[in-house]
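The structure under discussion appears below in the form of structure tokens.
2 protein chains.
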Amino acid sequence: MSIRIAVIDTDSGFVTVLAKRAEAAGWSLSHSSGPVPPRDLVALKLNALLIDPALLGDEAWSYLERVASMLPELALVVVTGRSTVAQRVRGLRLGVDDWMTKPCHPEEAMARVEAVSRRHTHGRREVESAPLTAGELEIRPDRFQAFVGKEPLDLTRREFELLYLLAEERSQVLEREKIYQRVWGYAMAHGDRSVDVFVRKLRQKLEKHSPSWSYIHTHFGIGYRFEPEPAGIVKEELRPAAGPAPLEKQADPESQSSSQVVHKTFTAG
Amino acid sequence: MSIRIAVIDTDSGFVTVLAKRAEAAGWSLSHSSGPVPPRDLVALKLNALLIDPALLGDEAWSYLERVASMLPELALVVVTGRSTVAQRVRGLRLGVDDWMTKPCHPEEAMARVEAVSRRHTHGRREVESAPLTAGELEIRPDRFQAFVGKEPLDLTRREFELLYLLAEERSQVLEREKIYQRVWGYAMAHGDRSVDVFVRKLRQKLEKHSPSWSYIHTHFGIGYRFEPEPAGIVKEELRPAAGPAPLEKQADPESQSSSQVVHKTFTAG
DNA sequence: GCACTTGTGAAAAGGCTGTGAACGCAGGCG
DNA sequence: CGCCTGCGTTCACAGCCTTTTCACAAGTGC
Numbered sequence: 123m124s125i126r127i128a129v130i131d132t133d134s135g136f137v138t139v140l141a142k143r144a145e146a147a148g149w150s151l152s153h154s155s156g157p158v159p160p161r162d163l164v165a166l167k168l169n170a171l172l173i174d175p176a177l178l179g180d181e182a183w184s185y186l187e188r189v190a191s192m193l194p195e196l197a198l199v200v201v202t203g204r205s206t207v208a209q210r211v212r213g214l215r216l217g218v219d220d221w222m223t224k225p226c227h228p229e230e231a232m233a234r235v236e237a238v239s240r241r242h243t244h245g246r247r248e249v250e251s252a253p254l255t256a257g258e259l260e261i262r263p264d265r266f267q268a269f270v271g272k273e274p275l276d277l278t279r280r281e282f283e284l285l286y287l288l289a290e291e292r293s294q295v296l297e298r299e300k301i302y303q304r305v306w307g308y309a310m311a312h313g314d315r316s317v318d319v320f321v322r323k324l325r326q327k328l329e330k331h332s333p334s335w336s337y338i339h340t341h342f343g344i345g346y347r348f349e350p351e352p353a354g355i356v357k358e359e360l361r362p363a364a365g366p367a368p369l370e371k372q373a374d375p376e377s378q379s380s381s382q383v384v385h386k387t388f389t390a391g
Numbered sequence: 123m124s125i126r127i128a129v130i131d132t133d134s135g136f137v138t139v140l141a142k143r144a145e146a147a148g149w150s151l152s153h154s155s156g157p158v159p160p161r162d163l164v165a166l167k168l169n170a171l172l173i174d175p176a177l178l179g180d181e182a183w184s185y186l187e188r189v190a191s192m193l194p195e196l197a198l199v200v201v202t203g204r205s206t207v208a209q210r211v212r213g214l215r216l217g218v219d220d221w222m223t224k225p226c227h228p229e230e231a232m233a234r235v236e237a238v239s240r241r242h243t244h245g246r247r248e249v250e251s252a253p254l255t256a257g258e259l260e261i262r263p264d265r266f267q268a269f270v271g272k273e274p275l276d277l278t279r280r281e282f283e284l285l286y287l288l289a290e291e292r293s294q295v296l297e298r299e300k301i302y303q304r305v306w307g308y309a310m311a312h313g314d315r316s317v318d319v320f321v322r323k324l325r326q327k328l329e330k331h332s333p334s335w336s337y338i339h340t341h342f343g344i345g346y347r348f349e350p351e352p353a354g355i356v357k358e359e360l361r362p363a364a365g366p367a368p369l370e371k372q373a374d375p376e377s378q379s380s381s382q383v384v385h386k387t388f389t390a391g
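Protein chains in written order, with this note's numbering: chain Y, 123 to 391; chain X, 123 to 391.
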């Protein structure tokens with residue numbers, strides 16, 4: 123499995139030598155002599171970013187901070203000339219993952235990038251191809267699709283990834299920010315409603331194919347939780363009058379007619 | 123959230139200085155002058171392990187490799203004297219996460235340990251997900267909710283956070299200002315009664331689901347204290363007449379009827 | 001008894017989510 | 001080349017839930 127890195131540096135000697143080794147190792151390397159907007163970095167799907175903050179001038183710290191906060195999953199490595207302990211500490215605390223001093227041996231740079239990106243992918247995608255089952259649902263990563271019986275839900279890529287993430291963390295409450303971070307790959311902007319919109323789309327498709335189950339539960343002020351539950355398990359207290367509801371009727375399709383679906387909201391839970 | 127580290131090194135000067143800073147930062151640090159079997163490391167539940175391989179002699183590489191492969195979730199940091207590029211590369215490829223050269227500033231060592239362990243916990247489950255138990259109560263941060271048996275208390279986000287804070291500091295008296303500061307995140311305005319109101323809501327929900335226990339105690343003029351206590355341990359002096367209350371009746375739902383709940387108040391000491 | 005603190009219920013304010021629809025962008029197709 | 005279609009994003013708004021605020025009752029300490 124190869125590593126994708128980008129180098130932001132004006133030191134052509136260093137870059138050239140590194141590029142040579144990177145190619146030999148089968149890595150993909152892109153290079154820039156000036157700052158790259160974090161948004162564009164997303165598209166590159168990098169494992170690591172090497173950067174010499176010297177060329178950023180006054181913007182250096184803020185740029186590093188921006189990159190680190192927007193792309194927490196990206197390994198951020200500084201390679202620069204002389205620096206003080208205070209600078210290194212500041213950088214590392216800010217989100218930089220490793221700080222190397224030039225001149226530095228390209229092989230060591232490679233090894234450090236490996237070490238830093240190893241941590242990443244470690245916990246991540248590995249068991250990914252295992253299908254999940256939840257209620258009537260079967261989620262198959264190999265098809266990027268979910269099924270009820272043999273009927274596909276016709277999920278788009280994002281819809282699938284959201285559903286898969288939620289299902290993977292079954293019965294955990296996931297905060298919107300975390301969800302966004304893990305599905306979209308970068309930090310959620312304040313006021314972004316994308317997660318909500320996709321949850322709605324998912325719920326529509328789930329409801330359509332598996333109307334007697336509810337899967338995604340809202341936790342007000344926090345986020346969402348995935349938990350397949352047969353519909354109709356409404357608490358007795360909330361029922362009009364009747365004594366303890368007879369267990370014989372488990373689901374009550376009538377009460378949840380097609381016209382209006384009500385999603386039970388869990389407070390803070 | 124504090125970090126747990128262990129240092130394997132014979133350089134007492136370095137260890138001492140580091141231990142001092144670690145303590146100041148609220149980290150927990152254990153120290154050894156010789157190799158520690160990987161098995162024992164597991165029990166320490168470390169975030170990171172600092173090690174000077176010099177003291178391991180010929181065993182150094184194999185030991186590092188063993189630790190790295192047996193505890194892939196542990197951040198492994200080498201801090202040692204002079205080394206060659208080849209050694210550093212070998213170590214990093216072997217599973218070492220960072221390699222520092224002595225003499226090295228303890229602050230930088232701390233920052234590097236932080237950086238390395240940040241990567242870890244990042245993708246992995248947050249440390250804060252450890253559930254708390256108190257009386258009949260189970261507080262589960264992963265669900266932002268508290269349970270009695272399997273019944274959720276239906277706490278809102280703030281209610282949960284307040285309860286969690288109190289429970290975390292069990293049997294400590296917390297001042298209103300401190301509580302507000304930690305739950306709301308900013309300083310409490312003079313005359314703000316929010317904390318009181320939320321305590322009432324919590325007490326209502328606790329009372330409803332776990333009527334035979336009392337959890338939140340008022341300290342007049344100060345604040346609140348969390349301490350699960352079985353109900354019915356009312357001081358004899360306060361009882362009308364009867365001698366020592368027979369233990370047979372632990373709770374007396376009638377005397378604490380729904381209309382009026384009495385909270386015992388502790389006076390400022 | 002007086003000054004102050006805390007408990008309580010309810011109203012007001014504020015914020016969050018569900019929802020439908022418009023917008024922009026890209027790829028496919030005529 | 002332009003149109004169409006599918007997808008992701010953004011917006012506005014309604015409705016509901018939560019939080020804050022307020023006034024008053026009850027309790028505490030001097």
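For each residue, glycine too, the CB sits at the ideal point set by N, CA and C.
In this text, all values refer to a predicted model and were calculated from it rather than measured experimentally.
CB of L168 (chain X) within 8 Å of CB of R210 (chain X), strictly:
no
Would S334 (chain X) and E351 (chain X) be called neighbours here (beta carbons separated by less than 8 Å)?
no
Residues of its chain near M222 (chain X), where Cβ-Cβ distance is below 6 Å and the 5 sequence neighbours each way are ignored:
V201
Do the stretch 175–182 of chain Y and the stretch 276–290 of chain Y meet, that is, are 3 or more Cβ pairs less than 8 Å apart?
no
Per-residue DSSP class, three states only, for P160 (chain Y):
helix
Start and end residues, alpha helix (DSSP H) containing R292 (chain Y)
Unbroken run through R292 (chain Y): none, as it is neither H nor E.
Neighbourhood of E297 (chain X) by C-beta distance below 8 Å, restricted to the same chain and skipping five residues each side
I344 and G345
Given this structure, state the Cα-to-Cα distance separating V270 (chain X) from E258 (chain X), to the nearest angstrom.
6 Å
Any beta carbon from chain Y within less than 8 Å of D264 (chain X)'s own beta carbon?
yes
Span separating the alpha-carbon of D220 (chain Y) from that of E230 (chain X):
11 Å
Start-end ranges of the beta strand (DSSP E) lying completely within the stretch 198–283 of chain X, minimum 3 residues
220–223, 254–256, 259–262 and 267–270
So, helix, strand or coil for S332 (chain X), using DSSP?
coil
Alpha-carbon spacing of R204 (chain X) relative to F266 (chain X), whole angstroms
49 Å
Is it buried or exposed, E195 (chain X), if we count other Cβ atoms within 10 angstroms and call 16 or more buried?
exposed
Just how far apart, CA to CA, sit A144 (chain Y) and V129 (chain X)?
34 Å
DSSP beta-bridge partners of T387 (chain Y)
Y:T340
Measuring CA to CA, which of X:R240, X:A190 and X:D276 is closest to S124 (chain X)?
X:R240
Tell me whether the beta-carbon of E260 (chain X) lies closer than 8 Å to the beta-carbon of L324 (chain X).
no
Kindly indicate if chain Y contains any beta-carbon less than 8 Å away from that of L214 (chain X).
yes
To be precise: take each residue of the stretch 126–140 of chain Y, compare its Cβ to all Cβ atoms of chain X, and keep it if any distance is under 8 Å. Which residues remain?
none
For F388 (chain X) and I301 (chain Y), the rounded distance between their alpha carbons:
44 Å
Extent of the continuous alpha helix (DSSP H) to which L186 (chain X) belongs
A182 to M192
Local Cβ density within 10 Å of H385 (chain X), reported as buried at 16 or more and exposed below that:
exposed
For I173 (chain X), three-class secondary structure by DSSP
strand
Looking at K224 (chain Y) and L275 (chain Y), is the spacing between their C-beta atoms short of 8 Å?
no
State buried or exposed for T132 (chain X), treating a residue as buried only when at least 16 other CB atoms are found within 10 Å of its CB.
exposed
Compute the Euclidean distance between the alpha carbons of V295 (chain X) and F348 (chain X), then round it to the nearest angstrom.
8 Å
Buried versus exposed call for H312 (chain X) [16 or more other C-beta atoms within 10 Å across all chains shown]
exposed
Selection of the stretch 256–281 of chain X by Cβ proximity to chain Y, strictly under 8 Å
D264, R265, F266, Q267, P274, D276, L277, T278, R279, R280 and E281
Residue from X:D162, X:P157 and X:S316 with nearest C-alpha to W183 (chain X):
X:P157
Any C-beta of chain Y sitting closer than 8 Å to the C-beta of H242 (chain X)?
yes
Quick check: the Cα distance between P253 (chain Y) and H339 (chain Y), rounded to an integer number of angstroms?
22 Å
Based on DSSP bridge pairs, tell me the residues matched to H153 (chain X).
X:V129
At a CB-CB cut-off below 9 Å, which residues of chain X make contact with H120 (chain Y)?
No answer is possible for residue 120 (chain Y): the residues shown for chain Y start at 123 and end at 391.
Going by C-alpha distance, which of Y:L277, Y:F342 and Y:M310 is nearest L277 (chain X)?
Y:F342
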